[in-house]
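Heads up, the thing below is written out as structure tokens.
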Amino acid sequence: VILFSDILTPLPAMGVDFDISEGGKIKIQPVRTREDSAELKRIDVETACPFVGKALNDLRREVGNSATVLGFVAMPFTLASYVVEGQTGL
Numbered sequence: 013v014i015l016f017s018d019i020l021t022p023l024p025a026m027g028v029d030f031d032i033s034e035g036g037k038i039k040i041q042p043v044r045t046r047e048d049s050a051e052l053k054r055i056d057v058e059t060a061c062p063f064v065g066k067a068l069n070d071l072r073r074e075v076g077n078s079a080t081v082l083g084f085v086a087m088p089f090t091l092a093s094y095v096v097e098g099q100t101g102l
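Every letter in the sequence shown is one number past the one before it in the working numbering, and letter 22, counting from 1, is 34.
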């Protein structure tokens, strides 16, 4: 069992705003300077994204030990590149 959560899930808790247009294009407030990065908030994932842990726990209860449960939310390098570029794709 694999749970994929949107990679942008942690951004609001970090203080990074983003918009998704009607066409699906994502625009992120870029973080490019030392001052910008100083504004980022360190997050506690259990408080910032509790629904991810809850979903994983619910899945574990559902499947018991009959299946492996994996959860993916955001990879630091990918998330950082999106934030620096101000978008998810070029």
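All C-beta atoms in this analysis are idealised placements derived from N, C-alpha and C, irrespective of residue type, glycine included.
- Around the Cβ of Ile40, a 10 Å sphere holds 16 or more other Cβ atoms; the residue is buried.
- With a threshold of 16 other beta carbon atoms within 10 Å, Val64 meets it and is buried.
- When Arg54, Leu68, Asp31 and Met87 are compared, the shortest CA-CA separation from Thr80 is found for Leu68.
- If you check the CB distance, Ile14 and Leu91 do not come in under 8 Å.
- Burial state of Leu52 is exposed, judged by a 10 Å Cβ sphere holding fewer than 16 other Cβ atoms.
- Taking C-beta atoms as the reference points, Ala50 and Pro22 fail to come closer than 8 Å.
- The beta-bridge partner set that DSSP reports for Gln99 consists of Lys39.
- Going by DSSP, Gly83 is part of the beta strand (DSSP E) stretching over Leu82 to Phe84.
- If you draw a straight line from the Cα of Gln99 to the Cα of Ser93, it is about 9 Å long.
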